[in-house]
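In this note's numbering, the protein residues as written are -3 to 433.
Every residue gets a Cβ at the ideal spot worked out from N, C-alpha and C, and that includes glycine.
Structure (structure tokens):
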């Protein structure tokens, strides 16, 4: 992160732990290996009660055992959103080896839909059996902040506890905000991430006919690909792209002051270098077509990192595979990173397993960090014929072996939320007085 502008040094922010709940499994390495191996986790799920007999493309978390991560009391009092947040955060803490200081550790978690499944389940019970059937724990389960709150309670943490809800940008915004708390001296460490849960047929469909309403959203909202082939259901940046695959999951990270992490001998996966966020102020669901504000978010991240565009080796794009959504990002990347002697390597991992909304940016960061450590970029799945407007180097077909020192992650959300993050393999060098764009 950039210094305060007064010449005083601000601490670098290191990433020392990661955790994942995903359609591939509940482990960062399993998730990453699923991407590299092109393991198919996208499936067609029939829409219950639909007279047209339609299906939705879905990539679901399966075989999640909450008892492996929390006791029965916590489990019975939490929505699946909080359960996945706890599981991912626990993994990240274990991997980091951090013994968090209760007063100097922040928790910042992102979500877009909060505990929506608990609310819908409660309404289902009331409709079937009357008001007396209202589950008494529903109110606490449904609150958006319960993922962060449960993490603080499980680990006895008294630092800032914040919940971010910026749609599909939520996890990247959580990381950016937490990094600012550390760089600004408000915390020495943070448990951060984002979770999207509560839409799964598997977790809700077998319970007395209850099906979460959000299962129907992709088809009814016109976002669903009409393809009958799961390998063509989501094709980011493809000239024939036709829609998204809905997914779910959680990603969590431990961030620390880099000097303190180094002192305790922690393994450091990367460093948070820059963060930018702003709004389209254009439309509730459609991005501003020129990509102007998406480009500006990337420029703000570069400015914060004091890096030039030519110093970025790879970018994990937001690209969800919709005709309307990918085009502005293509234009934004062309604007910011065009004209380089070596075209920017760009990928999107959503073709592999779909769009996990609030968790999507965090899952992209997990992939980016693990791939950076091995000197590669994860490929874009399913895409073959690139959009004619693309002026950068899309990584297709298989992972690409290449040196990666600095990588970017984009996360854009409904409501015009535009966020960009930059991370590096090595710590930042001495700051110059002049920022580069």
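About 6 Å separates the CB atoms of residue 230 and residue 350; that is less than 8 Å, so the two are in contact. Under the three-state reduction of DSSP, residue 6 is assigned to coil, being neither helix nor strand.
Annotated as distal: residue 113 and residue 16, with beta-carbon spacing of 8 Å or more.
A contact is defined here as three or more CB-CB pairs under 8 Å, and the region 173 to 190 fails this definition with respect to the region 113 to 129. The beta carbons of residue 352 and residue 361 sit no closer together than 8 Å.
A Cβ-Cβ separation of about 6 Å places residue 363 in contact with residue 28 under the 8 Å criterion. When secondary structure is reduced to three states using DSSP, residue 246 falls in the strand class.
Beta-bridge partners of residue 251 (DSSP): 11 and 186. Scanning the region 92 to 130 from its first residue to its last, the whole alpha helix (DSSP H) runs of 4-plus residues come out as 112 to 125. Residue 65 carries a coil assignment under DSSP once its states are collapsed to helix, strand and coil. In the DSSP annotation of this structure, the continuous segment of the beta strand (DSSP E) that includes residue 417 starts and ends at 413 to 420.
For secondary structure counted as the alpha helix (DSSP H) over 4 or more consecutive residues, the region 344 to 393 holds these complete runs in sequence order: 346 to 349 and 356 to 369. For residue 53 against residue 238, the beta-carbon gap comes to about 11 Å, at or over 8 Å, which does not count as contact. Beta-bridge annotation (DSSP): residue 275 is paired with 413.
Considering only 9, 243 and 264, the residue with the shortest C-alpha distance to residue 93 is 264.
Three or more pairs of CB atoms, one per stretch, sit closer than 8 Å, so the region 389 to 406 contacts the region 286 to 301. Annotation for residue 18: 27 and 245 place their beta carbon closer than 6 Å to its own, counting only its chain and skipping 5 residues before and after. For residue 158, no alpha helix (DSSP H) segment is defined; the enclosing uninterrupted segment is the beta strand (DSSP E) at 157 to 160. Residue pairing from DSSP places residue 406 in a beta bridge opposite 416. The count of Cβ pairs closer than 8 Å, one atom from the region 385 to 392 and one from the region 251 to 270, stays below three, leaving the stretches out of contact.
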